[in-house]
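Step one of this worksheet: look at the structure below.
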Amino acid sequence: MTKKLILLLSAALLASPLAAQDLGAPIGTDQPVEKTQVEGADDDDGPLRGTVTDESAWSDIGIAIPAFATDANKPTPANEAGTAALGREISRVITANLRNNGLFKPVGPDSLPQPGFPQITAPAYDTWSGRGAEMLVQGYVRARDDGRLVVGCYLYDVALKNQLVREGWVVAPGDWRRAAHKCSDLIFSRLTGESPFFDSRIAYIAETGPKDRRVKRLAVMDSDGANHRFLTLGSATALTPRYSPDYSKILYLSYVDGNPRIYVYDIGSGKQTLVTENRNPTIAPRWSPDGRSILFSMAVGGNTDIYRIAATGGTAVKLTDSPGIDVGGSYSPDGTKIVFESDRSGTQQCYIMDADGRNQKRISFFGGRCATPEWSPRGDQIAFTRIAGDFNVAVMNTSGGGMRALTNGWQDEAPTWAPNGRIIQFFRTEKNSGRSGIWQVDLTGQNERRLPTPVDASDPAWGPIRP
Amino acid sequence: MNRKIATILLLASATGLAACSKKAPETLPPVAGPTSSPTTPTTPTTPSGPSVGTQAHFEQAVGSSTTIYFDTDRYNVDSQDAAALQAQAQYFARFPQLTFTIEGHADERGTREYNIALGEKRANSAKAYLVSLGVDGNRIAVVSYGKERPVALGSDEGSWAQNRRAASVLIN
């Protein structure tokens, strides 16, 4: 009896250090989406003509995106209603994507006639031009015998009556939204000449609770807010996540052992390790563009400097050595330079150095402060938090010139670039209540909107285009 | 076999207890809160006032001097802070068995990562001052919460001034 009790007590004591973790169930890694050939009007089959089935009214602007058709309506593991209903959902996702980035005024499937399967490769151009559509996006969903889905995506110029581009993808049924994002990317790229960005994910911090007892959990979602998942449970404060370039890992800060420390969270296994075995606090993690190195900041005796360590571990290399706070750091896309912030001049300002720490040079001289700089994936711009009274998201070129504020909230903070360098996400905190949300704005500063998240949200980190 | 495991576990737990007992030595009367050893019966013997080793006792002894405050973006110990830290140093000299954490904080009007670094700097400057007054640095842990744990909830100068702080909290 006593022995049993002792055993239990001992076990409880031993278990307590292990109990100090805050991780939820792993969510699994990304499956690559496979491209496939899809049939087109230039194939030998010859165009098929037919009439559209629904004559409901719609406004005569821009891009028409009717419901994707299906060759035969079959239920899928993604939805019981079958491939026909899924086709309509895919069109809705594409419509929302193109509308939300502000460049287009698409009309979606709910106010358009629905083309049949034969018309996907042979559009009824006269019908669409009669309705004022300049561009037409059509597509189909086909359930394959192996349980996967083929999604075809076609963009037509209605006035010229020709096909501009087409592509197809094979996806697992649960990944049907990715096909919609791939199709959105195809259309966006063909019409703007820009690189794609819709098929990407965002890591961020989900916030709940009152201002003085905020619960902060690591969370991830698709670029449009869908497929939302919590990765930590909320017993320890989680902050500042960053997706690895291959989406296999997330760097983030956790107070799980009572101190602020950077962990490398492995998405596949759901396990995490310290970025460096060390008793000092570590903050502000960033990946190198090739994913091989990690930048972080570490405070030793109160003084914070920037360090680099191999993603596989090893010895950290100190890159800055000023008595002030050197923090953050973001690689240029070619990995040769790093932009970071430092208060060595008295206030937070932005600096550039070589990747090995040499040639540190201040670049921000426009009045106010420069914080949380992040280098654009295109290489030509740096986004940052400009503190001049209020906090706003701004951009400048890599010499610190051409500064432009893009937002005008009370506290807009921590910009992160879309994979194509056209759009910036950030988080906005409300005065007094402390409530936060993720917003995005394009480089014109004109198209600003809030992202839908299930709870309050901060610290967004936009990952690259998915594999 | 079973006994062997039990012995190993006992040894391990004894090490654990020893580590805990450093924070609550036998010379002290039993504390009112949760004790480090589940086998020790908790019989409160001193009903008058908080006991040594509790935050309440520390607060009763030094008053508002448990916490020092900073100007915007500053981390230096000014004369008011110095007086508070002297009161703390006297208290910790009287109770050399006590260990404590200095929690550094910043107001919400700063970026998140910078604020953690700033809170760290503030806590360390409070620690350095206490060490200069003779408090053993090994007794002082430091942690920064940046802007994550405000005490005043408004978005105004008065609230921010209360949140730019370094608070000493007993470890027990």
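Residue numbers (our numbering), protein chains in the order written: chain A, 869 to 1335; chain B, 961 to 1132. Where is the CB? At the ideal position from N, CA and C, for every residue including glycine.
C-alpha gap between residue i and residue j, whole angstroms
| i | j | result |
| --- | --- | --- |
| A/Gln905 | A/Glu1035 | 7 Å |
| A/Arg1336 | A/Gln1308 | Here chain A covers residues 869 to 1335 and nothing more, so residue 1336 of chain A does not appear. |
| A/Gly1203 | A/Ile1151 | 21 Å |
| A/Ser1190 | B/Gly1009 | 48 Å |
| B/Arg1034 | B/Arg1082 | 8 Å |
| B/Ala1121 | B/Tyr1029 | 7 Å |
| A/Thr1180 | A/Arg1160 | 8 Å |
| B/Gln1057 | B/Lys1087 | 17 Å |
| A/Tyr1072 | A/Gly1214 | 30 Å |
| B/His1076 | B/Val1103 | Checking the sequence shown, residue 1076 of chain B turns out to be Ile, not His. One C-alpha to the other measures close to 9 Å. |
| B/Pro1110 | A/Met1003 | 53 Å |
| A/Thr1240 | B/Leu1113 | 25 Å |
| A/Ala1167 | A/Thr897 | 33 Å |
| A/Met1271 | A/Asn1260 | 12 Å |
| B/Leu1045 | B/Ser1025 | 7 Å |
| A/Gln1140 | A/Pro894 | 11 Å |
| A/Ile1070 | A/Gln1031 | 33 Å |
| A/Gly930 | A/Lys1029 | 15 Å |
| A/Leu1059 | A/Phe1098 | 35 Å |
| B/His1065 | A/Phe1066 | 38 Å |
| A/Asp1173 | A/Lys973 | 47 Å |
Buried or exposed by the 16-neighbour rule on C-beta atoms within 10 Å, applied to residue i
| i | result |
| --- | --- |
| B/Leu1130 | buried |
| A/Arg1129 | buried |
| A/Asn1227 | exposed |
| A/Pro983 | buried |
| A/Gln1216 | buried |
| A/Ser1103 | exposed |
| A/Pro1320 | exposed |
| B/Leu1090 | buried |
| B/Gly1023 | exposed |
| A/Thr938 | buried |
| B/Thr1032 | exposed |
| A/Phe1233 | exposed |
| B/Asn1036 | exposed |
| A/Ser1267 | exposed |
| A/Arg1010 | buried |
Helix, strand or coil at residue i [DSSP, three-state]
| i | result |
| --- | --- |
| A/Lys1029 | coil |
| A/Thr1321 | coil |
| A/Val1207 | strand |
| A/Tyr993 | helix |
| A/Leu980 | coil |
| B/Thr987 | Because B/Thr987 carries a pLDDT of 43, less than 50, the predicted location of this residue cannot be relied on, and the following value inherits that uncertainty. Here B/Thr987 sits in coil by DSSP. |
| A/Phe985 | helix |
| A/Ser1326 | strand |
| B/Leu1058 | coil |
| B/Leu1113 | coil |
| A/Ile1151 | strand |
| B/Ser1011 | coil |
| B/Thr1026 | helix |
| A/Pro1241 | strand |
| A/Arg1226 | coil |
| A/Phe1066 | coil |
| A/Arg1303 | coil |
| A/Ile962 | helix |
| B/Thr1071 | coil |
| A/Thr951 | helix |
Bridge-paired residues (DSSP) for residue i
| i | result |
| --- | --- |
| A/Ser1161 | A/Ala1178 |
| A/Gln1140 | A/Tyr1133 |
| A/Gln1279 | A/Phe1259, A/Thr1297 |
| B/Ser1065 | Checking the displayed sequence, the identity of residue 1065 of chain B turns out to be His instead of Ser. B/His1065 pairs with B/Gly1106. |
| B/Ile1076 | None; B/Ile1076 has no bridge partner. |
| A/Arg1272 | A/Val1263 |
| B/Ala1101 | B/Thr1061 |
Nearest candidate by alpha-carbon position, reference residue i, set the options
| i | options | result |
| --- | --- | --- |
| A/Thr963 | A/Arg1296, A/Leu980, A/Gly950 | A/Leu980 |
| A/Gln899 | A/Gly955, A/Val1026, A/Arg1046 | A/Arg1046 |
| A/Pro1113 | A/Thr1076, A/Ala1286, A/Ala1040 | A/Ala1286 |
| A/Asn1127 | B/Tyr1105, B/Asp1041, B/Glu1073 | B/Tyr1105 |
| A/Asn1051 | A/Arg1303, A/Lys1079, A/Glu1316, A/Lys903 | Residue identity differs from the one stated: residue 1051 of chain A is Cys in this sequence, not Asn. Of the candidates A/Arg1303, A/Lys1079, A/Glu1316, A/Lys903, the one whose C-alpha sits nearest the C-alpha of A/Cys1051 is A/Lys903. |
| A/Val1195 | B/Tyr1074, B/Ala1126, B/Leu1090 | B/Tyr1074 |
| A/Val1207 | A/Ala1167, A/Val1026, A/Gln1249, A/Arg1110 | A/Gln1249 |
| A/Tyr1024 | A/Asp994, A/Trp1044, A/Met1089 | A/Asp994 |
| A/Gln987 | A/Arg1334, A/Arg1296, A/Val1038, A/Tyr1022 | A/Tyr1022 |
| A/Ser1137 | A/Arg1085, A/Trp1155, A/Lys1117, A/Asp1090 | A/Lys1117 |
| A/Pro1283 | A/Ser1267, A/Ser1301, A/Gly1305 | A/Gly1305 |
| A/Arg1016 | A/Gln1006, A/Trp1037, A/Ala1001, A/Ala1027 | A/Trp1037 |
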